Amino acid sequence: MESLFGDQYDNKDEKSNLFADIILPVPIPKMFTYKIPRNLAESIGIGFRVIVQFGKKKILTGIIGRVHQKPPTSYDAKPILDLLDNHATVNPIQIRFWAWMAEYYCCHIGEVMNAALPSGLKLSSESKIQLNPTFDPDTSPYPLDEREELLLQALANKEEMSYEDCEAVLGIKSIHGILKSLVIKEAIIVFEQVKEKYSPKVESRIRFSHEHVKDKKLLEALFNEIAGKPKQEEILLKYLQEVPVYKKPELNQKGLEKKVISDAGLSASSLKTLIKNGVLEEFKIIISRFEEEEGSNEEIVLSSEQEEAFQQIKKEFEDKNTVLLHGITGSGKTELYITLIKEVLAGGSQVLLLLPEIALTTHMVGRLRQVFGSSMGVYHSKYSDNERVEVWNGVLSGKLSFVVGVRSSIFLPFDSLGMVIIDEEHEPSYKQFDPAPRFQARDAGIMLSWLHQSKTLLGSATPSFETFHNAKTGKYGYVSLEKRFGEAQLPDYYLADILVDKKKNLLKLDFTRLMREKIQEALNNQEQVLIFQNRRGYAPYISCEDCGWIPECEHCDVSLTYHQFGEEMRCHYCGFKEKVPHACSACGSNKLSAVGLGTERIEESLSLLFPEARVARMDLDTTRSKYGYQRLLEDFGSGNVDILVGTQMITKGLDFDRVTVVGIMDADRILYFPDFRAGERAFQQITQVAGRAGRRDKKGSVIIQTRKPEQAIFGQIISGDYKSFYLQEMGERQRFFYPPFVKIIKITTRHKDYKTAEKSARYLHNLMGDIQVKKILLGPEKGLIGKIKNQYIFESIVKLDRTGNAQAHFKQELLHILEEMQAHKDFRGVRFVVDVDPY
DNA sequence: AGCACGCCGACT
DNA sequence: GTCGGCGTGCTC
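Structural data, given as structure tokens:
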């Protein structure tokens, strides 16, 4: 592997001519070559963090991607300014991983770096100004104008000011000229301030000054001395009580957290005096942001089914790198994972377990923590940056050999992965949409695993078709785990026909009679209910009953969603908000009605239908805060809520014994999504949410409301017949050229002017047509949403042959085309986005 | 992406 | 007349 980058220490005598290709977090498709100064040559290597100047003044953190001796021919390389650490922050495998990702997903390696490194590890500079100490306004030969005076005054009582501060002081946008003039007049100095963003958590502690613990007599003397000062004595006694240095003098080294003294209500000023007089000393240590916790080291006992699956997995791994574990909900995958993880860790390798975002808040992590204690790292998107840096460093130092995390945890600096486990592998949230790199963490995880010569286990109750196809064709191993753990039974399904009930006048506030009866039954039995509707807000739009007018977003091509909470109309694409109109803007009629079903409305309807029930709602709007989701879950878990309404958030990881009824408000909405994956997703979503119904002792009920109960997919979902559903859908996919039979690349063209957007998309489309590769080219078509944030959107879809190097060739050509187009003035300001394997 | 340099409108 | 708008070109 080393040879990929050249052996940088080949010729030690010529180290003065060393150059480094550096990855910088900028969206420019190349690395940048800098000169390695003599004094750094010995201590530098691939993956080291360095500081370089980029452009006229910007200072950036870069990562050494390659070291070589070839001086650039067309320009003068700038020197590396400094080295940030005495070790590599990124290992060679990661650099290869980044390079692969940039190439595969058609983005720049700098963008990958940006996504990979927690921002705490990327420092950058900010321009600041300060007063020139030699400047004296009275003797200065240069006259100052009003604004310059103003700025100097503002600066007079400050150490420094940022450009933003200056703008604020002067109240104008362009301060450059003024600053320049002040520099020429030698009144100020402009400098770059580099800020290290990561700050370790520091704890203040106290202990006896050295000589006092050397022998007991000294301590006794000390107490005699201090006897007249009760407050100080109290503090010393408290210290001795917490840290028995009489018995074990070595304990003094670690001291006592300073906070303990103030928490005990003892005098802070007396403590200060003790420190001032040299009796105690204060010192600081760096502590972890994560609590220390012992693992339980318990013996995991697998059921016979689990044990069998476990053995099968191991057997499959003998000749396959990737294995799919097809295990139905509640089959106890967690225990299986734990057993596997333990085994890999015992072998001295690292393990990465990927989970979808919300699953990270649930009991699975708690269970893992119980077993692995703080040797397990958790990498969460809601973590602060400092916390992320600590996980990063934990993996780097070897302290954390096992990490559970969301999709971005594939970027952690593992150096010897033994296994990557991707749970709920079918989850769409593994795909990153925006910004680049638009990677699929499941696929990237398999690649990462391959780079480590490690194994990948994919787990799902409803595998993605891509994965299942790979398993069927023998590319992946396949193990199924069919029995529900602990004798829990599969739920009963009921199809409730919305149209029939409507005709019979049995539909009340969008609830069919069957649904209402089942809910009532559960309530009577003190059981809980989940209601699923994948749409937030009150109603997706409101409409004028007289003329059909619908309020739309000013910036996007969508109707505004009515949110009862806060009484406003909101755009779910750009965040635009406005007041709810009282009359139609087109005809003035005041007959405006809310159309369609959102979670808010369902919540309201439930309160009306079941006034005695406690109803709660879980969607993006109620879980925005860091612990919003967890709080709602706890409320529900503790039985403070009878009915929980929610979006797809409720479909995952909610394992509560008392849920016996799950209602799906509008299955058709999931099914008729204009996307080739709609069927697959419907199957997955409905199965997932249904899996929440009924546990151990009680069979659950799942009520699916639909307008077309005769559709085959329902029968397949109900009988859990994933395979026949799969076969049927795959027939379609093959006929109409959809993945996994082809590779899809989506190219989006965006511009604020409709005509320009359309013209650019056409032009690009034609050029793509000329690429000599077997392909199907569709479009360019106006986006599903024609305009978002005032940008008109066009899309082209390319379907590529999976075999050979068609993909690689096409991508390469495409990037050339885009580069050229972007340089052309006709397409100035046009944004092109390439999405490989889009969702 | 930033951030410079460079050429045109609306204010003193 | 200048200030200040932003178009366009480059970054090792």
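Residues 1 to 839 (the UniProt record's numbering) make up the first sequence, in order.
Even glycine gets a Cβ: it sits at the ideal position worked out from N, Cα and C.
Owing to the predicted nature of the structure, the values given are computational and were not obtained by experimental measurement.
When DSSP labels each residue in this structure, what does Glu424 get in the three-state scheme? coil
Tell whether a beta-carbon distance below 7 Å holds between Leu24 and Leu60. yes
Cβ-based neighbour list, Gln370, same chain, cut-off 7 Å, excluding 5 preceding and 5 following: Ser296
Using only the alpha-carbon positions, how far apart do Tyr476 and Ile788 sit? 40 Å
Judging by CA-CA distance, which residue of Glu159, Asn524, Ala359 is the nearest neighbour of Ile643? Asn524
Exposed or buried, Gln94, counting other C-beta atoms within 10 Å across all chains shown (16 or more means buried)? buried
Cut-off 7 Å between Cβ atoms - residues of its own chain near Cys544, not counting five sequence neighbours on either side: Cys584, Ala586, Cys587, Ser589, Lys591, Leu592
Is the CB-CB distance between Gly332 and Gln311 below 7 Å? no
Classify Gly45 as helix, strand or coil using the three-state DSSP reduction. coil
Residue from Lys708, Leu767, Val742, Ala678 with nearest C-alpha to Tyr726: Ala678
Spatially closest choice to Leu152 from Glu164, Asn132, Gly459, Pro141, by CA coordinates: Asn132
Starting from the Cα of Tyr538, find the closest Cα among Arg601, Val773, Leu514 and give me that residue. Arg601
Nearest to Asp697 (by Cα), restricted to the options Asp657, Arg733, Lys229, Val169: Asp657
Rounded straight-line distance, which links the Cα of Glu186 to that of Pro137: 10 Å
Count the other CB atoms within 10 Å of the CB of Glu294; is the residue buried (16 or more) or exposed (fewer)? exposed
Just the C-alpha distance for Gly6 and Ala20, rounded to the nearest angstrom, thanks. Interpretation of Gly6 is limited by its pLDDT of 41, a score under 50 that renders its predicted location unreliable; no figure is taken from the coordinates.
Residue nearest to Val323 in terms of C-alpha spacing, selected from Lys431, His469, His212, Ile771: His469
Based on the DSSP output, what are the partners of Phe511 in its beta bridges? Lys508
Identify the residues that DSSP records as bridge partners of Met821: which are they? BP columns for Met821 are empty, so no partner.
Mind reading off the beta-carbon distance from Ser701 to Asp492? Whole number of angstroms is fine, and I expect it under 8 Å. 5 Å
Let me make sure I understand the geometry here. Which of Pro413, Lys128, Ala268, Leu336 has the alpha-carbon closest to that of residue 840? In this structure the chain extends from 1 to 839, so residue 840 is not present and cannot be described.
Would you kindly work out how many angstroms separate the C-alpha atoms of Phe832 and Phe317, rounded to a whole number? 41 Å
Endpoints, beta strand (DSSP E) assigned at Ile93: No beta strand (DSSP E) contains Ile93, which is instead part of the alpha helix (DSSP H) from 92-104.
State whether the region 744-751 contacts the region 819-839, with contact taken as three or more CB pairs (one from each stretch) at a distance under 8 Å. yes
So, is Phe283 buried or exposed, given that buried needs 16 or more other C-beta atoms within 10 angstroms? exposed
Give the single residue among Glu427, Lys825, Ser449, Leu400 whose Cα lies nearest to the Cα of Ile421. Ser449
Figure out for me which residue from Ser607, Ser719, Phe465, Ile410 has the closest Cα to the Cα of Leu117. Ile410
Between the region 270-284 and the region 197-211, are three or more C-beta pairs nearer than 8 Å? yes
Quick check on Pro551: buried or exposed, where buried means 16 or more other Cβ atoms within 10 Å of its Cβ? buried
So who's on the other strand from Ser611, going by DSSP bridges? The residue asked about is misnamed: residue 611 is Pro in this sequence, not Ser. According to DSSP, which records beta bridges pairwise, Pro611 is partnered with nothing at all.
Nearest CA to the CA of Gln53: which residue from Ile46, Gln716, Phe32, Pro72? Phe32
Output needed for Tyr9: all residues of its chain with C-beta closer than 6 Å, excluding positions within five of it in sequence on either side, in chain order. For Tyr9, the predicted model reports a pLDDT of 41, less than 50, meaning its position is unreliable and no value from the coordinates is stated.
Quick check on residue 842: does DSSP put it in helix, strand or coil? Limits of the chain in this structure are 1 at one end and 839 at the other, which puts residue 842 out of reach.
Quick check: the Cα distance between Gly474 and Arg570, rounded to an integer number of angstroms? 48 Å
Between which residues of its own chain and Tyr754 is the CB-CB distance below 7 Å, once the five residues before and five after are set aside? Tyr792
Quick one: residues in its chain with C-beta nearer than 8 Å to the C-beta of Lys70, no 5 flanking neighbours on either side, listed in chain order? Phe19
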